[in-house]
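Visitor: Take this structure, written in structure tokens, and hold onto it; I'll ask about it next.
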Amino acid sequence: AQRVTQPEKLLSVFKGAPVELKCNYSYSGSPELFWYVQYSRQRLQLLLRHISRESIKGFTADLNKGETSFHLKKPFAQEEDSAMYYCALLFSGGYNKLIFGAGTRLAVHP
Amino acid sequence: KAGVTQTPRYLIKTRGQQVTLSCSPISGHRSVSWYQQTPGQGLQFLFEYFSETQRNKGNFPGRFSGRQFSNSRSEMNVSTLELGDSALYLCASSLGAPGNTIYFGEGSWLTVV
């Protein structure tokens with residue numbers, strides 16, 4: 165079965181500290197993975213997707229098929245990074261369906 | 491370019507009533523999907539429409555239904571509302587091909603009392 169697991173409900177760090185938000189997935193096909201972010205009172209927005217291999221707002225994520233992981237990393241957290249982060253797997257058997265993890269709340273303290 | 495627009499943004503309904511939520515996708519997008527977001531269950535896929543056809547439906551009871559119009563606008567309907575239907579309902583749109591980026595609206599907050 166397709167599943168996305170984000171083991172941490174809350175990750176609390178100080179400004180300037182490194183951040184790693186964990187995401188593991190279960191999918192029998194070739195996975196396409198995303199990180200979405202939801203800032204307070206704002207819509208869910210795409211942060212990055214694994215196929216683009218971009219760095220957005222200093223965040224990067226590498227797909228590790230051996231460990232079935234897609235962890236989100238940032239070397240130096242900023243207070244404005246505080247938000248809910250959702251890892252999502254695209255199930256695209258002829259249609260587009262995102263399977264979301266439970267989300268991790270990142271709190272960056274000054 | 492305008493984003494995904496959902497109306498109404500907030501509404502309160504009574505148990506047993508029915509509700510209709512509307513979604514206008516990004517111009518040119520032909521796929522519209524709906525998600526339910528609750529504190530307990532997180533984000534769950536309801537259904538997806540493409541060119542007026544439902545391509546897939548999530549694991550929700552038949553009280554949840556939707557449709558898409560020829561201009562790609564979509565509506566979802568929940569009949570015989572239950573307290574547990576209280577949630578944020580998110581609409582998302584994309585061009586429709588597998589792998590196209592999916593963009594979300596701000597959602598409709600439904601409270602059932």
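Top line first, the protein sequences correspond to chains A and B. Per the numbering used here, residue 165 is the first one in the first sequence, and the count goes up by one each step. Per the numbering used here, residue 491 is the first one in the second sequence, and the count goes up by one each step. Ideal Cβ placement from N, Cα and C applies to all residues, glycine included.
What separation, rounded to the nearest whole angstrom, lies between the Cα atoms of residue 510 of chain B and residue 187 of chain A?
Guide: For residue 510 of chain B and residue 187 of chain A, the distance between alpha carbons rounds to 35 Å.
Visitor: Look at the alpha carbon of residue 534 of chain B and the alpha carbon of residue 220 of chain A, and state the distance between them as a whole number of angstroms.
Guide: Approximately 26 Å, taken between the alpha carbons.
Visitor: I need the straight-line Cα distance from residue 177 of chain A to residue 508 of chain B, nearest angstrom please.
Guide: Answer to the nearest angstrom: the Cα atoms are 44 Å apart.
Visitor: Could you check if residue 174 of chain A is buried or exposed, using at least 16 other CB atoms within 10 Å of its CB as the buried criterion?
Guide: It counts as exposed.
Visitor: Are the C-beta of residue 175 of chain A and some C-beta of chain B separated by less than 8 Å?
Guide: It does not; no Cβ of chain B falls within 8 Å.
Visitor: Any chance the segment 565 to 584 of chain B sits against the segment 592 to 603 of chain B, with 3 or more Cβ pairs inside 8 Å?
Guide: Yes, since at least three Cβ pairs between the segment 565 to 584 of chain B and the segment 592 to 603 of chain B fall closer than 8 Å, the two stretches touch.
Visitor: Using a Cβ cut-off of 9 Å, which residues of the segment 183 to 194 of chain A contact any Cβ in chain B, in chain order?
Guide: For the segment 183 to 194 of chain A, which is checked against every Cβ of chain B, not one residue is closer than 9 Å.
Visitor: Please classify residue 223 of chain A as buried or exposed, where buried requires at least 16 neighbouring CB atoms within 10 angstroms.
Guide: So residue 223 of chain A counts as buried.
Visitor: Could you check how far apart the C-beta atoms of residue 181 of chain A and residue 247 of chain A are, in whole angstroms? I think they sit under 8 Å.
Guide: Not a contact, Cβ separation roughly 16 Å.
Visitor: Could you tell me if residue 268 of chain A is buried or exposed, where buried requires 16 or more neighbouring beta carbons within 10 angstroms of its beta carbon?
Guide: Answer is buried; the Cβ neighbour count reaches 16.
Visitor: Could you give the distance in angstroms between the alpha-carbon of residue 591 of chain B and the alpha-carbon of residue 232 of chain A?
Guide: Approximately 22 Å, taken between the alpha carbons.
Visitor: List in chain order: all unbroken alpha helix (DSSP H) runs of 4+ residues lying wholly within the segment 186 to 259 of chain A.
Guide: Whole alpha helix (DSSP H) segments, 4+ residues: zero.
Visitor: Mind listing the chain A neighbours of residue 550 of chain B? Cutoff is C-beta to C-beta under 9 Å, in chain order.
Guide: The contacting residues do not exist; residue 550 of chain B stays about 13 Å from chain A at best.
Visitor: What three-state label does DSSP hand residue 573 of chain B in the structure shown?
Guide: The answer is helix: DSSP assigns residue 573 of chain B an H, G or I state.
Visitor: Alpha carbon to alpha carbon, how far is residue 226 of chain A from residue 497 of chain B?
Guide: Rounded to the nearest angstrom, the two C-alpha atoms are 37 Å apart.
Visitor: In whole angstroms, what is the alpha-carbon distance linking residue 520 of chain B and residue 539 of chain B?
Guide: Between residue 520 of chain B and residue 539 of chain B, the C-alpha separation is close to 8 Å.
Visitor: Spell out the partners DSSP gives residue 183 of chain A in its beta bridges.
Guide: DSSP output for residue 183 of chain A lists A/238 as bridge partner(s).
Visitor: By the three-class DSSP mapping on this structure, what secondary structure does residue 519 of chain B have?
Guide: Residue 519 of chain B: coil per DSSP, three-state reduction.
Visitor: Under three-state DSSP, which class holds residue 546 of chain B?
Guide: Note: residue 546 of chain B maps to strand in three-state DSSP.
Visitor: Contact defined as beta carbons within less than 8 Å: I believe residue 270 of chain A pairs with residue 263 of chain A. What is the distance between those atoms, to the nearest angstrom?
Guide: That pair is no contact at about 21 Å.
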